Amino acid sequence: MHVIIAGAGLGGLTFALAAARQGLEVTVLEQAERLGEVGAGIQLSANGTRVLHGLGLGPALEAVAFRPGRGEVRHYQSGAVLSSRELGESSVRRFGFPYYHLHRADLHAALVATVEERQAATICLGERLTGFSQRGGAVTVHTEAGTRFSVDVLVGCDGIHSKVRECLFGADAPRFTGCVAWRTTIPVERLPPRHVRPVASNWIGRGGHFVHYYVRRGELVNCVGCLDCEAWTEESWSARGQPSELARDFQGWHPDLQVLIGAAESCFRWGLFDRDPMPRWSAGAITLLGDACHPMLPFMAQGAVMAIEDASVLARLLGAVRCGRLPVPVALERYESLRQERTATVQRMARANLEFFHDVDAATEEQLNGHRAAHEWLYGYDATTLPVDREA
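Just so we're aligned, residue 40 is where the sequence shown starts under our numbering, counting upward by one.
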């Protein structure tokens with residue numbers, strides 16, 4: 040059984056490893072000429088690390104990750120801790136797996152190295168998917184370079200601007216949220232000793248919030264600041280901004296943040312766009328995974344983790360196909376039924392947090408406690424043991 044994956048990002052490579060474990064032949068098409076990952080910090084909670092450890096990536100992740108002691112919600116001016124939840128060893132005790140802070144490039148490199156070491160997939164670089172067709176249970180995939188692939192299943196892991204999704208269901212209609220985001224990473228040597236706590240810090244304010252945490256074993260501090268904004272046109276993680284503008288946007292926030300922002304040498308700025316949950320992800324022997332089918336705002340730290348969960352569930356279902364227990368269309372329908380409600384809920388939670396994080400004066404004890412309870416529901420999920428051989 041041969042599966043084509045469109046996109047060699049975090050979700051696509053996790054799915055490649057999981058599918059290879061199920062005995063599937065895997066080819067990954069990547070439009071870039073070389074492998075790499077855009078962005079900076081990423082948080083992986085136990086529901087994601089459970090999958091990755093199960094795929095054998097535990098030692099590779101431990102070598103590059105930072106384990107935060109807890110997560111804190113803080114007041115943007117006073118610095119008061121409004122809410123706190125234990126991570127660190129508590130995550131291992133409660134859920135069986137750690138909570139990591141990682142640089143996206145480090146996680147991506149670990150996935151690439153594992154795929155190559157195990158010969159889990161053939162990765163074809165410089166192959167931009169342009170279209171596909173289905174006939175008699177087979178999928179024919181066409182690329183810009185003129186290559187054709189005939190396979191049993193096509194999985195679109197090609198992100199928020201997914202070509203597979205566009206070909207299946209038409210162009211999407213993202214909505215500007217009225218919010219823009221800044222990101223930067225700062226070497227710790229540019230900061231006063233122990234200036235940043237070893238936790239995930241979320242400073243909530245009036246019309247904005249600011250998140251920072253250590254990545255790459257504690258050698259870098261990843262920063263993301265979000266502010267309300269009237270208009271924006273570009274949805275891109277790679278639009279450069281000016282550190283002076285970043286400092287201006289967060290003028291008047293806590294002095295500790297001023298020191299942090301003042302150490303930034305470069306930064307990026309982009310608009311945040313939102314999409315509604317999709318009613319369908321699949322058609323015939325073609326389906327979507329991760330941001331291609333449930334792109335979400337970055338206010339639950341779950342975008343990549345949801346793709347990792349998808350990868351585990353879908354691979355096990357296609358393993359059932361290979362063993363003759365399910366036909367492909369039924370397996371893909373079951374994948375949707377197992378994943379759609381959860382991912383749509385997380386999309387809505389992330390959307391609700393935009394309002395919560397940007398109105399510190401209205402933050403109630405009930406909201407703060409509810410935020411903590413939501414993480415319990417998220418982190419306790421086990422994608423590796425869902426009963427895929429029966430309907431959800």
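No residue lacks a Cβ here, since even glycine has one placed at the ideal position from N, Cα and C.
Because the structure is a prediction, the values reported are computed rather than measured.
Would a C-beta distance cut-off of 8 Å place residue i and residue j closer than the cut-off?
{"i": "Ala104", "j": "Leu141", "result": "yes"}
{"i": "Val238", "j": "Gly257", "result": "no"}
{"i": "Ile199", "j": "Pro334", "result": "yes"}
{"i": "Val42", "j": "Leu357", "result": "yes"}
{"i": "Ala45", "j": "Cys196", "result": "yes"}
{"i": "Thr153", "j": "Leu168", "result": "no"}
{"i": "Leu353", "j": "Val250", "result": "no"}
{"i": "Thr216", "j": "Leu285", "result": "no"}
{"i": "Gly118", "j": "Asp295", "result": "yes"}
{"i": "Ala346", "j": "Thr53", "result": "yes"}
{"i": "Phe208", "j": "Arg287", "result": "no"}
{"i": "Ser201", "j": "Ala389", "result": "no"}
{"i": "Val254", "j": "Gly78", "result": "no"}
{"i": "Phe395", "j": "Gln406", "result": "yes"}
{"i": "Val192", "j": "Leu74", "result": "no"}
{"i": "Tyr418", "j": "Phe134", "result": "yes"}
{"i": "Leu164", "j": "Glu72", "result": "yes"}
{"i": "Ser123", "j": "Arg109", "result": "yes"}
{"i": "Ala57", "j": "Ser321", "result": "no"}
Secondary structure at residue i, three-state DSSP: helix, strand or coil?
{"i": "Ser376", "result": "helix"}
{"i": "Met265", "result": "The displayed chain sequence assigns Cys, not Met, to residue 265. Correct three-state label for Cys265: strand."}
{"i": "Phe54", "result": "helix"}
{"i": "Leu96", "result": "coil"}
{"i": "Gln173", "result": "strand"}
{"i": "Val103", "result": "coil"}
{"i": "Leu425", "result": "coil"}
{"i": "Asp211", "result": "coil"}
{"i": "Ala270", "result": "coil"}
{"i": "Tyr418", "result": "helix"}
{"i": "Ala431", "result": "In this predicted model, Ala431 has a pLDDT of only 47, less than 50, meaning its place in the structure is not dependable; the value taken from the coordinates is given anyway. Ala431 falls in the coil class under three-state DSSP."}
{"i": "Pro294", "result": "helix"}
{"i": "Ser305", "result": "coil"}
{"i": "Cys362", "result": "coil"}
{"i": "Phe395", "result": "helix"}
{"i": "Thr382", "result": "helix"}
{"i": "Asp313", "result": "strand"}
{"i": "Ile199", "result": "coil"}
{"i": "Ser84", "result": "coil"}
{"i": "Thr153", "result": "helix"}
{"i": "Ala322", "result": "strand"}
{"i": "Val453", "result": "Because residue 453 is not part of the residues shown, which for the chain are 40 to 431, the question remains open."}
{"i": "Gly48", "result": "coil"}
{"i": "Leu328", "result": "coil"}
{"i": "Leu141", "result": "strand"}
{"i": "Glu166", "result": "coil"}
Looking at C-alpha atoms only, which residue of the options is the closest neighbour of residue i?
{"i": "Gly323", "options": "Gly217, Met40 and Val367", "result": "Val367"}
{"i": "Trp221", "options": "Leu56, Arg279, Ala340 and Gly87", "result": "Arg279"}
{"i": "Arg89", "options": "Pro137, Gly108, Arg132 and Leu68", "result": "Pro137"}
{"i": "Arg314", "options": "Arg387, Val260 and Ser305", "result": "Arg387"}
{"i": "Glu125", "options": "Gly97, Ser84, Gly93 and Leu96", "result": "Ser84"}
{"i": "Cys306", "options": "Val131, Tyr374 and Cys265", "result": "Cys265"}
{"i": "Cys218", "options": "Pro232, Ala159, Gly244 and Cys268", "result": "Cys268"}
{"i": "Gln341", "options": "Thr384, Tyr374, Ile325 and Ile300", "result": "Thr384"}
{"i": "Val360", "options": "Leu56, Leu63, Val180 and Gly50", "result": "Leu63"}
{"i": "His92", "options": "Arg73, Gly110 and Val131", "result": "Val131"}
{"i": "Arg113", "options": "Asp421, His397, Val427 and Pro426", "result": "His397"}
{"i": "Ser376", "options": "Gly170, Asn261, Arg236 and Val427", "result": "Val427"}
{"i": "Val190", "options": "Ala370, Leu371, Glu128 and Phe171", "result": "Phe171"}
{"i": "Trp292", "options": "Gly185, Arg245 and Pro231", "result": "Arg245"}
{"i": "Asn392", "options": "Ala413, Arg378, Thr423 and Tyr374", "result": "Ala413"}
{"i": "Gly329", "options": "Glu128, Gln158, Trp416 and Arg204", "result": "Arg204"}
{"i": "Val235", "options": "Arg187, Tyr418 and Ile300", "result": "Ile300"}
{"i": "Ala3", "options": "Tyr115, Ala59 and Ala71", "result": "Not covered by the structure: residue 3. The range shown for the chain is 40 to 431."}
By a C-beta neighbour count over all protein chains shown, 10 Å radius and 16 as the cutoff for buried, is residue i buried or exposed?
{"i": "Val349", "result": "With the sequence shown as reference, residue 349 is identified as Asp, and Val is not the correct amino acid for it. Answer is buried; the Cβ neighbour count reaches 16."}
{"i": "Pro337", "result": "buried"}
{"i": "Gln448", "result": "Nothing about residue 448 can be read from this structure; the chain reaches only from 40 to 431."}
{"i": "Trp242", "result": "buried"}
{"i": "Glu166", "result": "buried"}
{"i": "Asn86", "result": "buried"}
{"i": "Gln173", "result": "exposed"}
{"i": "Pro231", "result": "exposed"}
{"i": "Trp76", "result": "For the sequence presented, residue 76 should be read as Glu rather than Trp. Buried."}
{"i": "Asn408", "result": "exposed"}
{"i": "Thr403", "result": "exposed"}
{"i": "Arg214", "result": "exposed"}
{"i": "Thr224", "result": "buried"}
{"i": "Leu371", "result": "buried"}
{"i": "Thr424", "result": "exposed"}
With 8 Å as the threshold, decide whether the Cβ of residue i is near any Cβ in chain B.
{"i": "Ala383", "result": "Among the chains in the structure shown there is no chain B, since it carries only a single protein chain."}
Closer than 7 Å to a non-hydrogen atom of the ligand HEM - does that hold for the CB of residue i?
{"i": "Tyr374", "result": "With respect to small molecules bound, the structure shown includes none, and the ligand HEM cannot be examined in it."}
Checklist entry - Which whole runs of the alpha helix (DSSP H) in the stretch 202–262 are 4 residues long or more, in chain order? => result Qualifying alpha helix (DSSP H) stretches, in chain order: 202–208.
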